[in-house]
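Here's the structure we're looking at; comments come further down.
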Amino acid sequence: MEALAGIPIEQASLLAGALILAGAVTGVLSGLFGVGGGAVMVPVLFEVFGIAGVEESVRMPLAVGTSLAVIIPTSIRSFRGHQARGAVDTQVLRVWALPILVGVIVGALIARYAEPWVFMAVFAVVSILNAVKLLFGRDSWALGSQLPGPWPMCAIGSVIGLLSSLMGIGGGVMANMVQTLYGRPILNAIATSSGVGVLISIPATLGYIYAGWPQMDVVPPLSLGYISLIGVALLLPLTVLTAPLGVRIAHALPKRTLEVAFGCFLLVVAARFTAALLGF
């Protein structure tokens, strides 16, 4: 990466180490919370690309697109782990499949023209809403005792696909919130959300290649549109290796512990991007 050429070997090694560590944490979170880990990867990549001298105009979408690319195998590994334990609701995934795809396509089109602050704002707002639900929500906070019919579910799926493609996440955060608001147990919601990550990450990655293609003269070398191949290569191995550990932890923890841990994690993410929006 030419942008790293002026950075001392020690600092470059530190950056690589940070990405590798982030990959390990991402894999565990993927299995633990049913998310693709983008909520960890996007902030890390955003900082790393800044240190590496990436243009400010493409820094955030490059972090989002790279995160989505890494999420592909991580989500597949997490989904297979939960499916093996019989916790995935495949009927929900079938209903959501096409609407999610439509939402992802719209999100990729927006990403081609959106300013960086749009990505940050979506990230912060969605994280805060989910954290409030998980940390302070009660059983009375419900939209119903069972999931709605096909048309409302299609609308929900399209929104999940749209917002996820703008955040660089696998959709697990929003899919978890929706399912728990309709009375689904947190563990089953997490398991099904891991499948949502598979539905989102593949088309969204292709979309970010398309969205970033006009910026090929601005993005760092060894990038494919808004996908940094170097970032993928450093993050990917440990995310795949550590995802099964997160699955095992999720199935061993009490429901409330899982909710509080996830909520606190999301507040940290929201605080980071709120600070970025305010210029800190």
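Just so we're aligned: the sequence shown equals residues 136 to 415 in my numbering. Glycine included, each C-beta is placed from N, C-alpha and C at the ideal position. This structure is a prediction, so every number in the text was calculated from the model and none was measured.
Taking every protein chain shown into account, the CB of T392 has fewer than 16 other CB atoms within 10 angstroms, so this residue is exposed. Taking the Cα of G303 as reference, the smallest distance to any Cα among L167, A396, T161 is reached at T161. By the Cβ test, the segment 246-253 is in contact with the segment 343-361, since at least three Cβ pairs between them sit closer than 8 Å. The beta-carbon distance between L278 and Y317, rounded to whole angstroms, is 6 Å. This is short enough to meet the 8 Å contact definition. Beta bridge pairing from DSSP links S363 with S358. In its chain, beyond the 5 residues on either side, G238, V241, G242 have a beta carbon closer than 6 Å to the beta carbon of L297.
Nearest to Q218 by alpha-carbon distance, out of E190, R194, G166, is G166. For the pair G200 and G360, the CB atoms are nearer than the 8 Å cut-off. Burial is judged here by how many other beta carbons sit within 10 angstroms of a residue's own beta carbon; L197 has at least 16 and is buried. Its chain contains R194 as the residues whose beta carbon lies nearer than 7 Å to that of G185, once the 5 sequence neighbours on both sides are disregarded; these appear in chain order.
For the set I325, I337, L334, V333, the Cα lying nearest the Cα of L388 is the one of I325. Taking every protein chain shown into account, the CB of I155 has fewer than 16 other CB atoms within 10 angstroms, so this residue is exposed. Sequence-distant Cβ neighbours of Q350 in its own chain, meaning closer than 6 Å and more than five residues away, are V193. When S329, S336, V333 are compared, the shortest CA-CA separation from V382 is found for S329. Minimum Cα-Cα distance from Q226 among the listed residues P285, A290, V205 corresponds to P285.
Judged by pairs of C-beta atoms under 8 Å, the segment 393-404 touches the segment 256-275, as three or more such pairs exist. Membership of E191 in the alpha helix (DSSP H) is indicated by the continuous run 191-219. The Cβ atoms of L370 and V205 lie closer than 8 Å to each other.
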